[in-house]
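**Q**
Residue numbers (the working numbering): 949 to 1045.
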């Protein structure tokens, strides 16, 4: 009995749902504001900010939009300012001009 060691647990290659599928490698999105230096983030341009708002009216996260953290903070601040000035809708059921 002293020689019996518990064996290490090996994960099964296929679980109850079948084998795990590996995600294909996706390229990292490049921040468009870093790539093109002439683009500016301005709260007075709702057409530019509209690309960073989902159809439900939420701000698109950085992992989806591909922005760097610096420009994502600037976009978030610009969207919030534009919402306060009623240039952008706060909720999704409002109509965009």
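Positions of the beta carbon are idealized from the N, C-alpha and C atoms, including for glycine.
1) Mapping DSSP to helix, strand and coil, what is residue 964?
2) Buried or exposed: which applies to residue 975, given that a residue is buried once 16 or more other Cβ atoms fall within 10 Å of its Cβ?
3) Got a sec, what are the start and stop residues for the alpha helix (DSSP H) residue 1009 sits in?
4) Report yes if the C-beta distance between residue 1013 and residue 970 is below 9 Å; otherwise report no.
5) State the Cα-Cα distance for the pair residue 1027 and residue 980, rounded to the nearest angstrom.
6) Just the C-alpha distance for residue 1019 and residue 988, rounded to the nearest angstrom, thanks.
7) Relative to the C-alpha of residue 1025, which residue among 982, 973, 985 and 991 is closest?
8) Taking the continuous alpha helix (DSSP H) assigned at residue 1024, which residues delimit it?
**A** So, from the data block:
1) coil
2) exposed
3) Counting along the chain, residue 1009 falls outside any alpha helix (DSSP H), and DSSP gives it neither H nor E.
4) no
5) 17 Å
6) 10 Å
7) 991
8) 1017-1032
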